[in-house]
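Numbering (our numbering), first residue to last: 1 to 265. A virtual CB, placed ideally from N, CA and C, is assigned to each residue, including glycine. Remember, predicted model here, so these are calculated numbers, not experimental data. Structure record follows, encoded as structure tokens.
Shown next, in the form of structure tokens:
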């Protein structure tokens, strides 16, 4: 089934500060290369029949390209983001305003959360990360607003600072993930919920191979995640590899650039 995605062109993308282990302001990033890679990602979605909506980038917000962090949209209701770092604080209101202007019911959060960076929706429940950015209070707040069960998972490796860097839904009922990114208790929860999950290697997780987007048939994934791609093919998925190496300098991949709009307004 075709999906609707919200994306933000990286017109102001840069690595000017370090708020995760991937970022090195001294090394910087090439905005022109990032734009070409982002355009290729957008084209990949459109070639698969998905609709891509665009939000206008805001000068001074170099990480706004990472649209997934801007909100969580389930059943046509939009739970807004409240960023942990002041450098990104203005992104939350910008994304929420985009949805409000189009008639979506929205909630401005009281608790720190970074949208689909730490909330991943399945058919019947929402997986929610905590440990680095999103507070557990946001998990409760999202559950009350969206009316979906929220399962809290604790992240323990700072390289995987958002849930979407360590796990992605293959479809509405199964996932792929990197076990070592999670606390012992959270690993057990994942084992119980998803006994047939795809388990990624450290090497593939280390190139943000799990920051991927699946429509249940096709998986758009970072090109360097070789073993994970082979396993997905073995499981019957079509793999669409993309190069987002420039955006990875800020800790982002395909999913980071992609906010799914679920349900109509």
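**Asked** In its own chain, which residues sit with a C-beta less than 6 Å from the C-beta of residue 28, not counting the 5 before and 5 after it?
**Response** 15
**Message:** Please identify the residue among 115, 137 and 200 whose C-alpha is closest to the C-alpha of residue 280.
**Reply:** The requested residue 280 is not part of the displayed model; the chain covers only 1 to 265.
**Contacts around residue 33, its chain only, beta-carbon distance under 6 Å, and the 5 residues preceding and following it disregarded** = 246
**Request:** Measure from the alpha carbon of residue 212 to the alpha carbon of each residue in 163, 89, 26 and 90, then state which is nearest.
**Result:** 163
**Asked** Around the C-beta of residue 10, are 16 or more other C-beta atoms found within 10 angstroms, so that it is buried, or is it exposed?
**Response** buried
**Message:** For residue 109 and residue 141, which I take to be in contact (beta-carbon distance under 8 Å), what is that distance rounded to the nearest angstrom?
**Reply:** 6 Å
**Assigned secondary structure, residue 165 (DSSP; H/G/I helix, E/B strand, else coil)** = helix
**Message:** Quick check: what's the CA-CA separation for residue 177 versus residue 155?
**Reply:** 12 Å
**Message:** Please classify residue 146 as buried or exposed, where buried requires at least 16 other C-beta atoms within 10 Å of its C-beta.
**Reply:** buried
**Request:** Any chance you could list the alpha helix (DSSP H) runs of at least 4 consecutive residues sitting entirely within the region 52-99, in chain order?
**Result:** none
**Request:** Could you spell out the range, first to last residue, of the alpha helix (DSSP H) harbouring residue 153?
**Result:** Per DSSP, residue 153 belongs to no alpha helix (DSSP H); it is in the beta strand (DSSP E), 150-154.
**Three-state class that DSSP yields for residue 260 in the structure shown** = strand
**Prompt:** Considering only residues of the same chain and omitting the five flanking positions on each side of residue 225, which have a CB-CB separation below 7 Å?
**Reply:** 204, 207 and 209
**Request:** Following the continuous alpha helix (DSSP H) through residue 145, name the residue where it begins and the one where it ends.
**Result:** 136-146
**Asked** Considering only residues of the same chain and omitting the five flanking positions on each side of residue 6, which have a CB-CB separation below 7 Å?
**Response** 53, 55, 67, 259 and 261
**Message:** What does the alpha-carbon distance come out to for the pair residue 58 and residue 120?
**Reply:** 25 Å
**Asked** Looking only at its own chain, which residues have a Cβ that is under 8 Å from the Cβ of residue 342, when we skip the five neighbours before and after it?
**Response** Residue 342 lies beyond the range of the chain shown here (1 to 265); nothing can be said about it.
**Asked** Got a sec? Which residues, its chain only, sit under 8 Å from residue 266 by beta carbon, not counting five neighbours each side?
**Response** The structure shown does not extend to residue 266, since the chain is modelled only from 1 through 265, so no value can be given for it.
**Message:** By the DSSP assignment, the beta strand (DSSP E) with residue 247 in it spans what residues?
**Reply:** Looking at the DSSP string, residue 247 is not in any beta strand (DSSP E), and its letter there is neither H nor E.
**Message:** Can you find the residues in the same chain that come closer than 6 Å, C-beta to C-beta, to residue 218, ignoring five residues on each side of it along the sequence?
**Reply:** 48, 238 and 240
**Request:** May I ask which residues mark the beginning and end of the alpha helix (DSSP H) holding residue 188?
**Result:** 184-193
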